[in-house]
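The structure under discussion appears below in the form of structure tokens.
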Amino acid sequence: MVTDQGGVDDKSFNQSAWEGLQLWGEENGLEKGTSGFDYLESATDSDYITNLNTAVQSGFDLIYGVGFKLEAAINDVAQQYPDQQFAIIDSVVDQPNVASINFQDNEAAFLAGVAAASTTETNKIGFIGGVEGIVLDRFEAGFVAGAEAVNPDIEVTVEYVGSFADAPRGRQLAAAMYAADTDIIFQAAGDSGNGVFSEAKDLVSADPERNIWVIGADMDQDAEGIIEIDGEERGLTLTSTLKQIGDSIQLFTNETKAGNFEAGTQVFGLADGGVDLAEGNLSEEVLTTVNDYRQQIIDGEIEVPETPEN
């Protein structure tokens, strides 16, 4: 697999993908390396094609591009190597040798918005995204729609880091939001989102009376919000949107290994368990509200938007 700039230890998107590939390797008795499974990290956008070519030349049977930022590179390299099998996560590449694996992030984000609006004490919540685009549009649109479904008058501040690998900038944006009385921030920013957690933990460490939260993305980020106050652990991760990237990679890689590679687009949502919301530190009352909205989405009673209104 080829990562975007967040790297395999971003505690989010790339890490989830890598964990899935490692589980596949263990399941099949393979080891990390060119004879089994491996990853190539991309420091900049210019690394994508280089890394994909390296993966092809290393003889891997299936090559994943993790993230929508690899779309153009996968499209180019797939045409150069028509007999090579590729898959891309969070984008669509219309080539006969590319599988496109996508998720209805807007549905999970809607539930995050419901949770935030049902928990906030200031009626001010925030969203910090990594890089603007189709995928982050889904996160933003779903979050805002979910929050407004609970409280039409809630104030939602939206900011973008402009990178998935700039934790200091993520922290800076979070500091401004918390200073403006925002008490819950949903970060969907890869490694940049770790800066949001850092800011929240420092603020609460300095003033334990502060009641602020972070909402994680793509995998359960409960551990990222743990701090110690007077010898006792306190969690600042309200909840996390869950995206079964790892499970999907494990399943698709096994299908490909069995000779059942299938190009085209696959989309996973709440109905099939492809996305969801972690229980986290949500109260029983809020969990009941979230579960009610979850069922309405699954039943088709609520259609969650995929693009922001503005």
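Under this note's numbering, the first residue of the sequence shown is numbered 134, with each subsequent residue one higher. Every residue, glycine too, gets a C-beta built ideally from N, C-alpha and C. Keep in mind that this is a model prediction, so the values were computed, not measured.
Review point. Excluding sequence positions up to five away, which residues of its chain have a Cβ less than 7 angstroms from the Cβ of D353?
Key: Correct list, in chain order: S373, L375, A411.
Point to revise | Simplified DSSP state of E164, which is helix, strand or coil | key: When secondary structure is reduced to three states using DSSP, E164 falls in the coil class, being assigned neither helix nor strand.
Point to revise | Bridge-paired residues (DSSP) for S373 | key: G349, per the DSSP bridge assignment.
Practice item. Give the DSSP bridge partners of V231, in chain order. Key: BP columns for V231 point to F219.
**Study point:** For L173, the residue or residues it bridges with in DSSP
**Key:** In DSSP, L173 forms a bridge with V135.
Exercise for review: Decide if the segment 422-438 is in contact with the segment 379-397; the criterion is three or more beta carbon pairs, one per stretch, under 8 angstroms apart.
Suggested key: The segment 379-397 and the segment 422-438 do not touch, with fewer than three beta-carbon pairs separated by less than 8 angstroms.
Exercise for review: May I ask you to verify whether the segment 204-216 touches the segment 148-160, counting CB pairs closer than 8 angstroms and requiring at least 3?
Suggested key: Flag = no, the segment 204-216 and the segment 148-160 do not touch.
**Study point:** Inter-residue spacing [alpha-carbon to alpha-carbon] between I267 and D405
**Key:** Between I267 and D405, the alpha-carbon positions lie close to 22 angstroms from each other.
**Study point:** Residue burial classification, I359 (beta-carbon count within 10 angstroms, cutoff 16)
**Key:** Looking at its Cβ environment, which holds fewer than 16 other Cβ atoms inside 10 Å, I359 is exposed.
Review point. Out of curiosity, what's the CA-to-CA distance linking G200 and D286?
Key: C-alpha of G200 to C-alpha of D286: approximately 34 angstroms in a straight line.
Check your understanding: Taking Cβ positions, are A242 and F297 nearer each other than 8 angstroms?
Key -> No, these two residues do not count as a Cβ contact at 8 angstroms.
Practice item. Determine the closest residue to D363 out of E357, D355, E342, with distance taken between C-alpha atoms. Key: Measuring C-alpha to C-alpha distances from D363 to each of E357, D355, E342 identifies E342 as the nearest.
Check your understanding: Taking just the CA atoms, how far does I348 sit from I221?
Key -> So the two alpha carbons sit approximately 26 angstroms from each other.
Check your understanding: Per DSSP, what kind of secondary structure is I318 in: helix, strand or coil?
Key -> Of the three classes helix, strand and coil, the one that applies to I318 here is strand, per DSSP.
Exercise for review: Count the other C-beta atoms from every protein chain shown that fall within 10 angstroms of the C-beta of V400, then say buried if there are 16 or more, exposed otherwise.
Suggested key: The Cβ neighbour count for V400, taken over all protein chains shown within 10 Å, is under 16; the residue is labelled exposed.
Review point. What residues in its chain sit with their C-beta under 7 angstroms from that of L163, if we drop five residues either side in the sequence?
Key: Closer than 7 angstroms at Cβ, skipping near neighbours: G169, F170.
Exercise for review: Say whether the segment 221-234 touches the segment 245-256, bearing in mind that this needs 3 or more beta-carbon pairs closer than 8 angstroms, one atom from each stretch.
Suggested key: With contact defined as three or more Cβ pairs closer than 8 angstroms, the segment 221-234 and the segment 245-256 are not in contact.
Review point. Helix, strand or coil for I261 per DSSP?
Key: Shown here, I261 sits in a strand according to DSSP, grouped into three states.
Check your understanding: Nearest CA to the CA of E288: which residue from R304, Q305, I258, V294?
Key -> Looking at the Cα atoms, I258 is the closest of the given residues.
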